[in-house]
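A quick write-up on the structure given underneath.
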Amino acid sequence: MRKLLVLSVIVCTVAHVQAQELRTIELNVPSRERGLSVMAALSQRQSIREYADRQLELQDLSDLLWAAVGINRPESGKRTAPTALNRQEIDVYVCMEEGAYLYDAKSHALKPVAKGDYRGVVAAGQDWVKTAPVVLVIVADVSKYNGEILMPAADAGIVSQNISLFCAGTGLATVPRATMDQAQLRKVLKLKEGQRPILNHPVGYAK
Numbered sequence: 633m634r635k636l637l638v639l640s641v642i643v644c645t646v647a648h649v650q651a652q653e654l655r656t657i658e659l660n661v662p663s664r665e666r667g668l669s670v671m672a673a674l675s676q677r678q679s680i681r682e683y684a685d686r687q688l689e690l691q692d693l694s695d696l697l698w699a700a701v702g703i704n705r706p707e708s709g710k711r712t713a714p715t716a717l718n719r720q721e722i723d724v725y726v727c728m729e730e731g732a733y734l735y736d737a738k739s740h741a742l743k744p745v746a747k748g749d750y751r752g753v754v755a756a757g758q759d760w761v762k763t764a765p766v767v768l769v770i771v772a773d774v775s776k777y778n779g780e781i782l783m784p785a786a787d788a789g790i791v792s793q794n795i796s797l798f799c800a801g802t803g804l805a806t807v808p809r810a811t812m813d814q815a816q817l818r819k820v821l822k823l824k825e826g827q828r829p830i831l832n833h834p835v836g837y838a839k
C-alpha cells in the first residue's frame with residue numbers, strides 16, 4: 633500500500649512538472665476588423681484536410697481563439713458563442729507540437745496543460761491531422777446540465793461553426809471532426825468527470 637502511495641505521488645509530481653515546463657502564452661489583442669463579410673465567408677467555407685508546413689502566426693492563433701469562444705462583452709463576461717442559460721460549459725483546448733494548452737478567455741491566454749505532442753491522440757489514426765500546426769479540441773462540461781448532452785452538443789456545434797467561419801473569412805484551413813481517442817485525450821487534458829470532448833478542428837494554412 634505504501635509503495636502504491638509513493639508511486640502515485642511520483643506520477644502526480646511528474647505530471648505537474650511537465651505541465652510547468654510549458655509557459656503561459658499571452659495572446660495578442662484580437663483584430664476585430666479583419667476578414668471577409670459574413671456572407672463572403674459562408675461562400676468560402678469548405679473542409680480542408682491538407683496543410684502547409686508552417687506554424688500558425690500568433691496573431692492568427694489569437695484571433696482564432698477569440699472568434700471561437702472569446703469574451704466579446706467584457707462588462708458581462710459573455711462570449712462570441714452563446715450557451716444555453718449562459719452556463720458557459722464549453723472549453724477549447726489547443727494541441728500543438730510542444731504541448732497542450734487550455735484557452736483562458738478571461739485573460740485571453742493559453743494555460744499549460746501537458747508537455748508533448750498530442751495531435752496524434754486527436755488524430756486517432758487519421759495521420760493527416762498531425763500535419764496541422766494547431767488542433768483545437770472542443771470540450772463540454774455536461775455536469776452543468778445534470779449530465780444531459782443535447783445542449784452542450786449544440787453549444788459545441790456553435791463554437792465549431794465560429795471556427796469554420798473565421799478560417800473561411802481569413803484564409804485559414806480547417807475541418808470539423810468527431811473522431812479522436814476519447815479515453816486517452818481525457819487523461820492528457822486532465823479533464824474532470826463531467827467533461828467530454830465533443831469535436832475537434834485541425835487548423836493551419838492551406839497548401
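Just so you know, the sequence shown maps onto residues 633 to 839 in this note's numbering. Glycine included, each C-beta is placed from N, C-alpha and C at the ideal position. Since the structure is predicted, the reported quantities are computational estimates derived from the model, not experimental observations.
Residue i - DSSP class collapsed to helix/strand/coil
i, result
"residue 714", "coil"
"residue 794", "helix"
"residue 754", "helix"
"residue 673", "helix"
"residue 826", "coil"
"residue 653", "helix"
"residue 738", "coil"
"residue 640", "Because the pLDDT of residue 640 is 44, which lies under 50, any placement of that residue in the model is unreliable, and the number read from its coordinates should be weighed accordingly. Three-state DSSP puts residue 640 in a helix."
"residue 774", "helix"
"residue 647", "Legend: pLDDT at residue 647 = 47, less than 50; position of this residue unreliable, value from coordinates given subsequently. Here residue 647 sits in helix by DSSP."
"residue 779", "coil"
"residue 635", "The predicted model places residue 635 with a pLDDT of 47, which falls under 50 and marks its position as unreliable, so this point remains unresolved."
"residue 723", "strand"
"residue 731", "strand"
"residue 694", "helix"
"residue 801", "helix"
"residue 667", "coil"
"residue 787", "helix"
Short Cβ contact (8 Å threshold) for residue i with residue j
i, j, result
"residue 796", "residue 811", "no"
"residue 724", "residue 700", "yes"
"residue 754", "residue 769", "yes"
"residue 760", "residue 818", "no"
"residue 748", "residue 731", "yes"
"residue 773", "residue 826", "yes"
"residue 809", "residue 782", "no"
Identity of the residues DSSP links to residue i by a beta bridge
i, result
"residue 835", "766, 806"
"residue 683", "838"
"residue 658", "741"
"residue 819", "Paired residues: none, contrary to the question."
"residue 705", "710"
"residue 746", "732"
Among the options, the one whose alpha carbon lies nearest that of residue i
i, options, result
"residue 679", "799, 747, 721, 718", "799"
"residue 667", "818, 801, 839", "801"
"residue 829", "708, 791, 738, 653", "791"
"residue 674", "697, 712, 794", "794"
"residue 589", "728, 708, 711, 698", "With the chain covering 633 to 839 only, the question about residue 589 has no answer from this structure."
"residue 713", "786, 826, 813", "786"
"residue 704", "742, 719, 737", "737"
"residue 702", "734, 748, 677, 689", "734"
"residue 740", "698, 816, 671, 676", "698"
"residue 788", "664, 720, 824", "720"
"residue 683", "771, 784, 671, 803", "803"
"residue 820", "780, 717, 771", "771"
"residue 718", "784, 726, 815, 823", "784"
"residue 688", "726, 669, 813", "726"
Given 8 Å, three or more beta-carbon pairs between the region 690–701 and the region 657–670
Touching, yes, given that three or more Cβ pairs across the two stretches are closer than 8 Å.
Pairing CB atoms from the region 763–770 with CB atoms from the region 829–839, are three or more of them under 8 Å?
Touching, yes, given that three or more Cβ pairs across the two stretches are closer than 8 Å.
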